[in-house]
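For reference, each letter of the sequence shown is one residue, going 1 to 196 in full-length UniProt numbering. From the three backbone atoms N, C-alpha and C, an ideal C-beta is built for every residue, glycine too. These notes concern the structure reproduced below.
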Amino acid sequence: MMLYKILVIDDEPQIHTFIRISLVAEGFTYLGAQSIAEAKQVIQQDSPHLLILDLGLPDGDGMDLVNLVRATSNTPILILTARDEEDEKIRLLEAGANDYLSKPFGIRELIVRVKVLLRDLVNTHLPTDILETKDIKLEISTNQVWFQGVPLALTKKEFAFLRMLMTTPDKLVMQEDLLANIWGGLIPKIRITCGF
Numbered sequence: 001m002m003l004y005k006i007l008v009i010d011d012e013p014q015i016h017t018f019i020r021i022s023l024v025a026e027g028f029t030y031l032g033a034q035s036i037a038e039a040k041q042v043i044q045q046d047s048p049h050l051l052i053l054d055l056g057l058p059d060g061d062g063m064d065l066v067n068l069v070r071a072t073s074n075t076p077i078l079i080l081t082a083r084d085e086e087d088e089k090i091r092l093l094e095a096g097a098n099d100y101l102s103k104p105f106g107i108r109e110l111i112v113r114v115k116v117l118l119r120d121l122v123n124t125h126l127p128t129d130i131l132e133t134k135d136i137k138l139e140i141s142t143n144q145v146w147f148q149g150v151p152l153a154l155t156k157k158e159f160a161f162l163r164m165l166m167t168t169p170d171k172l173v174m175q176e177d178l179l180a181n182i183w184g185g186l187i188p189k190i191r192i193t194c195g196f
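Structural data, given as structure tokens:
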């Protein structure tokens, strides 16, 4: 069974300790960061499945990280902050956060919210969900792609195209398949061979 990686981004050490113990007890892998810069490094190196994000960080507002993550992936984001104004919640949810929990919080509620956010990912994250070649890693359930460990920002059609090539290695991809599965019949006739 795969261990799902949860990245906690908060500048309070006691919050990390509190959440880490509970996540590990529930079978998750804990990752930690105390700043936006540190979080970026962890995201690039470890590709967490979910982020728990505080807004008040020493090197900027957590909203900046929400925008950055949303530019390249659909990784679930749970905001965990002392800010509880309705306008702030709306702003964050519209920016791409998936859920919002105000401090102080109950650890049981936090864990349940994490499980809810991961539920669809957990249910669909089968071994075939990860496609890999020498340089490319593709995660179907989250539409994420990495080239030599670096995340790539692809459009939906680009992702679908790459996925199709990687699921049929060393085979001729027929134009009819591309038309039906990606472009809906709106491109000229082409033939592409994948040689990963």
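| query | result |
| --- | --- |
| Measure the C-alpha to C-alpha separation of Lys-157 and Pro-13 and round it to an integer number of angstroms. | 42 Å |
| Whose C-alpha, out of Ala-25, Ile-9, Glu-132, is nearest the C-alpha of Glu-41? | Per the sequence presented here, residue 41 reads as Gln, with Glu not at that position. If we check each option's Cα against that of Gln-41, Ile-9 comes out closest. |
| Just grab the DSSP bridge partners of Ala-33 for me. | Ile-9 |
| Which residues bound the alpha helix (DSSP H) around Glu-139? | Per DSSP, Glu-139 belongs to no alpha helix (DSSP H); it is in the beta strand (DSSP E), 136-139. |
| Are at least three pairs of beta-carbons, each pair with one atom in the segment 132-151 and one in the segment 43-54, less than 8 Å apart? | yes |
| Could you spell out the range, first to last residue, of the beta strand (DSSP E) harbouring Asp-99? | 99-102 |
| Check Gln-14 in the structure and name its three-state DSSP category. | helix |
| Using 9 Å as the threshold, is the C-beta distance between Asp-99 and Arg-113 below it? | yes |
| Would you decide whether Gly-149 is buried or exposed? Buried here means 16 or more other CB atoms lie within 10 Å of its CB. | exposed |
| Under 8 Å by Cβ, that's how I've got Asp-84 and Asp-54 pegged, so tell me the actual separation to the nearest angstrom. | Actually they do not touch by this definition, with Cβ atoms about 13 Å apart. |
| Taking just the CA atoms, how far does Asn-67 sit from Leu-93? | 11 Å |
| Just to confirm my understanding: we take Lys-103, look at its own chain, exclude 5 residues before and 5 after, and list those with CB closer than 7 Å. What are they? | Leu-80, Thr-81, Ala-82 |
| Taking the C-alpha atoms as reference points, what is the distance between Leu-23 and Leu-152? | 28 Å |
| Considering only residues of the same chain and omitting the five flanking positions on each side of Asn-143, which have a CB-CB separation below 6 Å? | Asn-74, Phe-159 |
| Would you kindly work out how many angstroms separate the C-alpha atoms of Phe-105 and Leu-57, rounded to a whole number? | 18 Å |
| Which class does Glu-26 belong to by DSSP, given the choice of helix, strand or coil? | coil |
| Taking the beta carbon of Ile-107 as the centre, do at least 16 other beta carbons fall within 10 Å, making it buried, or is it exposed? | exposed |
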